[in-house]
Amino acid sequence: MEETLLETPHKLDDAVRLSDEHALRYRGDFPILDRKVHGKPLVYLDNSATSQKPRAVLDALDDYYTRLNANVHRGLHTLSEEATNAYEAARERVARFINVPARSMVFVRNTTEGINLVASAWGRKNVGAGDEILLSVMEHHSNIVPWQMLARETGAVLRYFDIREDGSLDMDQADDLITDRTRIVSIAHMSNVLGTVNPIEAIVKRAHDAGALVFVDAAQSVPHMPVDVARLDCDFFAFSGHKMCGPTGIGGLYGRPELLETMDPYMGGGSMIDEVRLDGFTSADIPEKFEAGTPNIAHAIVFGDVVDYLSAVGMEHIHTHERALTDYTIERLGEIDGLTVFGHAPGRGGAISFNLDNMHPSDLSTVLDRQGIAIRAGHHCAQPLMRRLGTPYGATARASLYFYNTSEEIDTMIGAIHRARNLFGA
Ligand code: 7TS
């Protein structure tokens with residue numbers, strides 16, 4: 000496959016230099032980036048799996064438990080009221096970050112839970128035998144298996160967009176795939192393997208014209224680029240806090256309010272009810288209807304600090320930085336004989352998968368780890384895509400970038416790959 004090169008090398012230098020300046024300004028916020036692994040400075044390039052956390056987020060978590068800890072939506076004492084206010088304020092901050100109304104933003108554990116919630120609570124009510132659910136071959140298992148479970152239960156049919164040679168979505172298939180049988184299109188905003196950014200607005204328009212809804216799996220987009228959900232005009236949208244400098248166990252699910260209102264609850268329990276009698280219950284209003292039990296209060300509140308931190312860094316800056324570093328990384332990987340990069344769609348993001356001759360990606364990852372370099376090797380929870388790409392071993396190596404990474408770290412990785420190649424005689 001051909002590598003993506005910027006047309007003017009001089010411009011590339013400028014862009015990468017600016018990107019490095021930006022990274023160096025923020026690296027100091029992340030204490031873990033100072034640690035050593037196997038005696039070498041950590042080079043953390045596994046950001047698609049999870050990002051590192053800045054001091055501001057660690058402090059906010061400490062502050063919550065030190066000053067505020069109480070259960071929400073129940074007590075009338077001061078701590079409970081303060082915790083409830085902070086929890087609801089965080090909902091507003093996170094909702095504003097993606098430009099949706101607070102009442103349409105449900106706190107969930109992660110993207111996976113958001114997709115399962117909709118596949119179950121919306122799907123069981125609105126999808127029947129012969130109806131079609133449209134996905135793509137580049138989806139993460141989280142955006143395949145919940146829909147397969149729904150299809151198994153209802154007799155619905157799954158269909159899949161294919162990809163083109165460059166890893167972009169084959170939109171030429173849209174007319175064939177989006178029909179009056181399509182109930183929902185569920186698609187990644189950005190692929191965690193190919194880095195491809197999918198044309199959500201165009202998909203939404205086609206789907207809505209056909210009377211279908213659109214679910215956007217934004218696990219890899221929200222952390223890396225400015226996203227305006229109102230403008231995308233999609234119906235559901237899910238993302239994970241831990242991939243965007245936040246703690247694990249907290250994420251967001253947006254649902255169009257009129258849809259959330261007609262959906263049944265996903266789980267039953269405390270907080271999600273209006274009234275319970277021995278012969279039945281009525282549900283609370285949205286979004287509480289979907290937040291049964293004691294929620295992840297601490298991490299939801301900290302999620303508010305997370306989006307404030309990212310806004311202060313600037314999502315445009317983050318995006319520009321990563322675009323420059325992605326081009327640089329792909330160019331440098333292209334210097335290595337026998338190395339294949341997967342995904343060359345224009346405007347692609349910084350999840351960069353590659354393979355080296357017939358060397359097993361796990362061996363490569365292990366050799367790099369000895370140099371303090373964290374990359375991921377495996378199927379990246381995208382086995383259908385691995386099959387589609389025909390990758391040896393059903394796996395790839397993957398370096399995934401964030402705004403605290405520098406070109407020097409990429410150079411370190413490139414040097415280590417060269418050494419691995421010599422070591423294994425690949
Ligand atoms: N969707 C996409 C596109 C993802 O990349 C991931 C996680 C998920 C959904 C699930 O996110 P979760 O927070 O609910 O687990 N992707 C990866 C990855 O690429 N490596 O580890 C996790």
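Everything in the sequence shown is counted per numbering that gives the first Met the number 0, starting at 0 for the first residue and increasing by one. For every residue, glycine included, the Cβ atom is placed at its ideal position computed from N, Cα and C.
- With fewer than 16 neighbouring CB atoms inside 10 Å of its own CB, PRO345 falls in the exposed class.
- With 16 or more other CB atoms across the displayed protein chains lying within 10 angstroms of its CB, GLU131 is buried.
- Fewer than three pairs of CB atoms, one per stretch, sit closer than 8 angstroms, so the stretch 265–281 makes no contact with the stretch 23–41.
- Counting C-beta pairs with one atom in each stretch, the stretch 335–345 and the stretch 88–105 have fewer than three that are closer than 8 angstroms, which means they do not touch.
- Distance from the CA atom of MET314 to the CA atom of LEU149, rounded to whole angstroms, is 35 angstroms.
- Secondary structure at VAL42: strand, using DSSP grouped into helix, strand and coil.
- Non-local C-beta neighbours of PRO222 in its own chain, meaning closer than 6 angstroms and more than five positions away in sequence, comprise LYS242 and MET243, ordered along the chain.
- Checking the 8 angstroms criterion, the Cβ of ALA394 is out of range of every heavy atom belonging to the ligand 7TS.
- Counting every other CB atom within 10 Å of its CB across the protein chains shown gives GLU200 a total below 16, marking it as exposed.
- Counting only the Cα atoms, ILE162 lies some 30 angstroms from ARG420.
- Closest in alpha carbon position to ALA396, among ASN115, ASP62 and LEU332, is LEU332.
- Taking the Cβ of CYS244 as the reference point, every heavy atom of the ligand 7TS lies at 8 angstroms or farther away.
- As far as DSSP is concerned, LEU259 takes part in no beta bridge.
- Assignment of beta strand (DSSP E) within the stretch 115–183, counting only whole runs of 3 or more residues, yields 131–135 and 156–160 in chain order.
- Note that the C-beta distance between THR110 and SER282 is not below 9 angstroms.
- Annotation: the continuous beta strand (DSSP E) that includes TYR253 extends over 250–254.
- Not a single heavy atom of the ligand 7TS lies less than 8 angstroms from the C-beta of GLU321.
- Collapsing the DSSP output to three states places ILE272 in a strand.
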